[in-house]
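Participant: Please see the structure below; I have some questions.
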Amino acid sequence: MGQIATEDFQIIDNCLLIQLPEEIDHHGAGFICECADRYLVRKEVRDIVFDFGRTRFMDSSGIGIIMGRYRKISCFGGKVIAINVDRQIERIFRLSGLNKIVEVLES
Amino acid sequence: MRNEMEIIFDALSDNEGFARVAVAAFITHLNPTMEEMADIKTAVSEAVTNSIIHGYENLRGYGRPGEPEESEKANPGKVRLCCVLENNILHIEVIDSGKGIEDVERAMEPLYTTKPQLERSGMGFAFMEAFMDDLEVESTPGQGTKVRMIKKIGVGGWIEHQC
């Protein structure tokens, strides 16, 4: 189970791209939030893209990560985008109502 | 056929992954669908996480790599995970002897959380309820909490086929 690393965070234009790990649970969530927030404070970030391409498991901690980041950028007009979302993660988005604040892009 | 297993582990966030993978391994021989497997893993993960961070208030680790700092000492405590498989029905119990829940009904409301600073979503019980067929929560403040969940395995394939 790989931990998230610095190369999983990338800034392209004014967009923060986060490659999420294989498993997203409470154990790893705090570190992802911390790293993401460091970029949000330091760099000129407007939007955040969460890439679920590697993710095989997510529980409600993932919802917490996304909701928390959304709160931080939405007041500056930023958007939260999710890419490479599989069926199970989409179900979790729908169940939690997250699909109302996150734009899910088909890849 | 009846099959039973029980594991007891320390209330550390490192064990969340272990707990759900153990349950997943316990049911693989029933050939559950991917969806059933994901549902069960998510529900176990939610219940075990609740015991660790709410029951024992064990916030240590929190996913940071490396050794935890001295100030982040772990609260001692064990989580008991029992599974019984009987006629394709999986019964799961997650039991802790932590601080318990004052108001179970309130705790089960979606989006309600007592630890907003942890950026938890408050969706834990809602997910358990949605992903399992039945959920029961028993708790005594000061003594602990028992979460009981039931899921029938082997119906998912049929439903998927019908839709």
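Residue numbers (the working numbering), protein chains in the order written: chain Z, 6 to 112; chain U, 6 to 168.
Beta carbons are placed, not taken as given, at the ideal position from N, Cα and C, and that holds for glycine.
1) List, in chain order, every chain U residue whose beta-carbon is nearer than 8 Å to that of Cys38 (chain Z).
2) How is the alpha helix (DSSP H) around Leu35 (chain U) delimited, first residue to last?
3) With distances taken from CA atoms, which of Z:Gln15, Z:Lys77, Z:Gly33 and Z:Gly58 is nearest Asp19 (chain U)?
4) Based on Cα-Cα distance, which residue from U:Ile100, U:Val152, U:Glu11 and U:Met128 lies nearest to Ser66 (chain Z)?
5) With a cut-off of 8 Å on the beta carbons, I'd call Met154 (chain U) and Ala79 (chain U) a contact; round off their distance for me.
6) List the residues of chain Z whose Cβ lies closer than 8 Å to the Cβ of Ala186 (chain U), in chain order.
7) Checking 8 Å against the spacing of the C-beta atoms, do Val84 (chain U) and Val53 (chain U) come in under that value?
8) With Ile71 (chain Z) and Leu22 (chain Z) assumed to form a contact (beta carbons below 8 Å), what rounded beta-carbon distance in angstroms separates them?
9) Return the first residue and the last residue of the beta strand (DSSP E) that Cys20 (chain Z) is part of.
10) Are the stretch 26-46 of chain U and the stretch 115-130 of chain U in contact at 8 Å, needing three or more beta carbon pairs?
11) Taking the beta carbon of Pro37 (chain U) as the centre, do at least 16 other beta carbons fall within 10 Å, making it buried, or is it exposed?
12) Kindly list the residues whose CB is nearer than 6 Å to the CB of Val89 (chain U), restricted to its own chain and excluding five residues on each side of it in sequence; keep chain order.
13) Decide if Gln93 (chain Z) is buried, meaning its Cβ has at least 16 other Cβ atoms within 10 Å, or exposed.
14) From the beta carbon of Gly82 (chain U), is the nearest beta carbon of chain Z less than 8 Å away?
15) How many whole angstroms separate the CB atoms of Asp52 (chain Z) and Ile86 (chain Z), which I take to be in contact at a CB cut-off of 8 Å?
16) Considering only DSSP beta bridges, list what Ser66 (chain Z) is partnered with.
17) How many whole angstroms separate the CB atoms of Asp138 (chain U) and Lys156 (chain U), which I take to be in contact at a CB cut-off of 8 Å?
18) Spell out whether any CB of chain Z is found under 8 Å from the CB atom of Met128 (chain U).
19) Kindly say whether Ser79 (chain Z), judged by its beta-carbon, lies nearer than 8 Å to any beta-carbon of chain U.
20) Let me know if Leu17 (chain U) comes out buried or exposed under the rule of 16 or more other beta-carbons within 10 Å of its beta-carbon.
21) Who pairs with Ser102 (chain U) in a beta bridge, going by DSSP?
22) Taking the straight line between their C-alpha atoms, what separation do you get for Met6 (chain Z) and Glu28 (chain Z)?
23) Hey, how far is the Cα of Phe132 (chain U) from the Cα of Met63 (chain Z)?
Facilitator: In this structure, then:
1) Glu124
2) Segment: none, Leu35 (chain U) is in no alpha helix (DSSP H) and carries neither H nor E.
3) When only C-alpha atoms are compared, the closest one is Z:Gly33.
4) U:Met128
5) About 26 Å separates the beta carbons of Met154 (chain U) and Ala79 (chain U), which is beyond the 8 Å limit, so they are not a contact pair.
6) Because residue 186 (chain U) is not part of the residues shown, which for chain U are 6 to 168, the question remains open.
7) yes
8) No, Ile71 (chain Z) and Leu22 (chain Z) are not in contact; Cβ-Cβ is about 14 Å, not under 8 Å.
9) Cys20 to Gln24
10) no
11) buried
12) Glu9 and His96
13) buried
14) Between Gly82 (chain U) and chain Z, the shortest Cβ-Cβ separation is not below 8 Å.
15) 6 Å
16) DSSP lists no partner for Ser66 (chain Z).
17) 5 Å
18) yes
19) False, the Cβ-Cβ gap to chain U never drops below 8 Å.
20) So Leu17 (chain U) counts as buried.
21) None, per the DSSP bridge assignment.
22) At Met6 (chain Z), the pLDDT of 46 sits below 50, so the modelled position is not reliable and the matter cannot be decided from this model.
23) About 11 Å.
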